[in-house]
Every structure is written in C-alpha cells, then in structure tokens.
Amino acid sequence: MPSRSDVKWSQLRVGVLVAIAAVILVFVIFAVTGQSSLFSPKITLYAYVPDAGGMLTGAGVNLEGVAIGNVTEIHLAEHPPDPSVPVKITMSVAKGHSRWLRQDSTVVLGTAGPLGQTLVNISKGTLASPPAVNGTVLRGIASTGINSLLVTSHSVLANANELELRIGKILDQIQGGQGSIGKLLYSNQLYDRFDSTARNLEVLTANLNAGKGTAGKLLTDDTLYQKLKTALDNVNTLVAQLEHGNGTMAKLIHDPSLYNHADQLMSSLHQTTQGINEGHGAIGALLTNSPTSAKLKDALARLDAVLAEIQTGNGTIAKLMKDPALYNNLNNLSAESRALIQAIRANPKKYLTIHLDIF
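Okay, so the sequence shown: first residue is 74 according to the working numbering, each after it adds one.
As structure tokens, this is what we get:
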C-alpha cells in the first residue's frame with residue numbers, strides 16, 4: 074500500500090494541476106471573448122439607448138471595431154435624461170483605451186453578424202472634446218441592427234402589399250376597357266383611326282408620285298428647279314456686272330468720285346458753318362452779336378409794337394381789321410351797284426338819254 078505521504082503528495086499535485094487549469098481556462102475565456110486582461114485597470118462608462126435589442130450582460134464593447142471591454146449591467150433607468158432613451162447600459166472598459174475615447178463619442182448597438190450576438194460599438198469622437206473619464210455618460214443613438222431591419226422590412230412589405238392591390242385594380246380597369254390604356258388595348262376605335270390614316274397616307278403618296286398638286290409638282294416636275302437656276306444665273310450675271318461693269322451701280326461701288334464729291338461737299342458745309350459761327354456773311358451777322366443783328370432785333374421790336382397796336386384796335390389798319398363798318402359800307406355799295414346795273418339793263422333809255430343843243 075502507498076504511504077500516507079505518497080497520498081498527500083498525489084492529492085497536492087492534483088490540486089495544483091486543477092488550479093493551474095482553472096487559471097489557464099480563465100485566460101482562455103478572456104482571450105476568446107476578446108475581453109481585456111483580468112488584472113488591467115478599468116473605467117466605467119454609461120450610455121442611454123432607445124432599445125437594448127436583446128443584448129445580454131457580458132456583451133462585448135468595441136471601439137471602432139476593436140474589443141476594449143464588456144457590458145456589466147443593462148436595465149431600464151428610472152430617470153433617463155431623455156424619455157426616448159430609457160435603457161441604461163453600464164460598460165467596463167480598459168483604462169488603457171480611454172485615451173481614444175472622448176466625451177462626444179457615440180454609442181450604437183450592433184451585431185457580430187446578421188444573426189450574431191448584440192454588442193456595443195463606440196466611436197472615437199473628436200479631438201476638440203475632453204477625454205472620457207470614469208463615470209462619463211456617452212450619447213446613445215438609434216440602432217440599425219436586425220430589429221430595425223425587420224421593422225423596416227415589415228413596413229416595406231406592407232407598402233408592397235398595398236401597391237399590389239392598387240396595381241391589381243388598375244389591371245382590372247384596363248382589362249375592362251376603362252381609361253386611356255384600356256381603350257388603347259381593347260377598343261377597335263383607335264385601330265380604325267390608324268387604318269384610316271394609313272389609307273389616307275397611301276393615297277397622298279400615290280398623288281405625290283403621280284405629280285398631282287403643288288407638292289407633287291415640286292417632287293416630280295423640274296420646272297421650279299429650272300426657274301430657280303435661271304434666277305441664280307441672273308443674280309450671278311448682275312454681280313459680275315457690278316464687279317466689272319461701267320453702270321451706275323458699278324460706279325457707286327468702285328468709282329471714288331461720288332465719295333470725293335461728298336467729302337468736298339461736307340468740307341464746304343463745314344467751312345460755311347464755321348464762317349457762320351464766326352459771324353461772317355449775312356447769316357453769320359444775323360446770328361452773331363453784330364450791328365446787323367442789332368438792327369434786325371430793333372426792326373422786330375418795332376414790328377411787334379405795331380402788331381400790338383393793331384391787336385388793341387388803334388389806327389386805321391386796326392379799324393380795317395376789326396371795325397365792320399367799312400365792310401358793311403362796301404357791301405351796301407356793291408348791292409346798290411348791282412341794282413343800278415340791273416335797272417339800266419331793264420330800261421336803258423331812262424338812264425342813257427342824250428340831249429343835243431344846237432345854237
């Protein structure tokens with residue numbers, strides 16, 4: 074039989090092996106789950122999210138996809154900062170990773186795959202924000218995980234069903250010959266119109282080919298072409314005459330005499346205008362401040378005074394223009410003269426008696 078010392082030594086070796094295996098198992102579990110070292114310092118962070126998405130305690134916490142800790146607690150908060158985010162998540166994160174965490178970092182729930190475990194994803198935040206410390210509350214945003222996809226897909230399916238019903242109603246109306254599309258597919262009226270139009274086009278094409286009508290003559294008769302060609306030839310001839318001929322138009326185009334005469338005329342007109350402005354000649358003297366101009370102004374002033382006297386009715390001329398007495402006397406004289414002439418014509422002996430006295 075083994076001695077008591079051998080038994081105790083065997084038991085001690087078994088216990089040591091079990092302890093070593095337990096320690097190795099713990100380290101293996103931490104390595105497999107991606108958790109930080111068991112003895113590394115930690116900081117606690119909090120986040121409020123709209124929905125836990127079925128996440129369990131111990132779920133992984135990732136920073137930009139890198140495992141940095143795990144979830145230690147999930148519960149409904151009694152006094153959340155916002156009623157829309159009632160779920161409070163407590164996270165234990167390795168302190169060595171806190172230098173990349175900022176107080177404006179955001180928390181969003183995700184999965185390790187389409188059907189994987191729910192985990193926490195944290196963004197790095199901005200350098201302008203202070204670093205996250207123990208007890209920092211990070212902002213949680215809505216998850217785009219499988220639950221959101223299911224809700225979205227349910228809404229899409231509902232809309233698809235409604236769209237299917239509407240399409241079915243539209244197809245029923247089309248099959249019943251209702252609406253424009255239904256009439257296009259099932260009514261013979263449009264076909265008849267197309268057939269009539271095709272027949273008319275056929276007749277029109279035949280008339281065009283036969284040379285009937287204006288359009289037909291344009292297509293088959295070259296008379297218009299010949300006339301256009303003749304007109305173009307005449308135009309070319311006219312242009313050639315203008316370029317090389319001796320007519321009036323050619324001289325206007327090529328002979329500078331008219332331009333020279335016009336230039337001389339403009340020069341003479343310029344000299345005349347300049348002389349008038351300088352007071353030369355009768356017109357210049359009248360337009361400038363000269364004795365002739367002064368005399369003209371004096372004569373115009375006197376004429377204006379005479380006209381003013383006439384307007385007031387003073388003088389013989391004014392009376393001739395405004396007093397009707399002379400007109401009345403002349404009118405009476407004219408009437409009496411006509412009466413006398415008529416009387417002489419009626420009885421000339423009475424007025425034309427000749428007395429001869431012989432002594």
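Using N, Cα and C, we set each Cβ at its ideal position, and we do this for glycine too.
As the structure is a prediction and not an experimental result, all values here were calculated from the model.
### Query
Can we say the stretch 166-177 touches the stretch 232-249, given the rule of at least three CB pairs closer than 8 Å?
no
### Message
To the nearest angstrom, how far is the alpha carbon of L291 from that of A304?
### Response
17 Å
### Message
On a Cα-Cα basis, can you pick out the residue from L192, I414, N307 that is closest to T163?
### Response
L192
### Query
In the structure shown, what three-state DSSP assignment does G88 receive?
helix
### Task
Could you please give the first and the last residue of the uninterrupted alpha helix (DSSP H) stretch that includes H317?
296-317
### Query
Apart from the five residues on each side of it in sequence, which residues of its chain come closer than 7 Å, Cβ to Cβ, to G249?
G255
### Query
Sorted by chain position, which residues of the same chain lie with C-beta nearer than 6 Å to M322's C-beta, five sequence neighbours on each side aside?
L315
### For G107, three-class secondary structure by DSSP
Only weak support exists for where G107 lies, its pLDDT of 48 falling under 50; the coordinates are left without a value.
### Message
Buried or exposed for A435, going by 16 or more other Cβ atoms inside 10 Å?
### Response
Since the displayed the chain opens at 74 and closes at 432, residue 435 lies outside it and no answer follows.
### Message
According to DSSP, K115 sits in a beta bridge with which residue or residues?
### Response
A167
### Task
Look at the alpha carbon of L182 and the alpha carbon of D245, and state the distance between them as a whole number of angstroms.
47 Å
### Message
Using CA atoms only, rank isn't needed, just tell me which of G133, D295, V312, H343 is closest to I147.
### Response
G133
### Query
DSSP beta-bridge partners for V229?
According to DSSP, which records beta bridges pairwise, V229 is partnered with nothing at all.
### Message
Distance check for P204 and P114, CA to CA, integer angstroms please.
### Response
17 Å
### Query
Which runs of the alpha helix (DSSP H) fall wholly inside the stretch 378-419 and span at least 4 residues, in chain order?
389-395, 398-419
### Query
I think L211 touches V180, with their Cβ atoms under 8 Å apart; what is that distance to the nearest whole Å?
5 Å
### Task
Taking the CB atoms as reference points, tell me whether G51 and S165 lie closer together than 8 Å.
Residue 51 cannot be examined here, being either before or after the span of the chain that is shown, 74 to 432.
### Query
What is the DSSP secondary structure of G142, counted as helix, strand or coil?
strand
### Task
Assign N207 to one of three DSSP states: helix, strand, or coil.
coil
### Task
Quick one: grab the DSSP three-state call for I214.
coil
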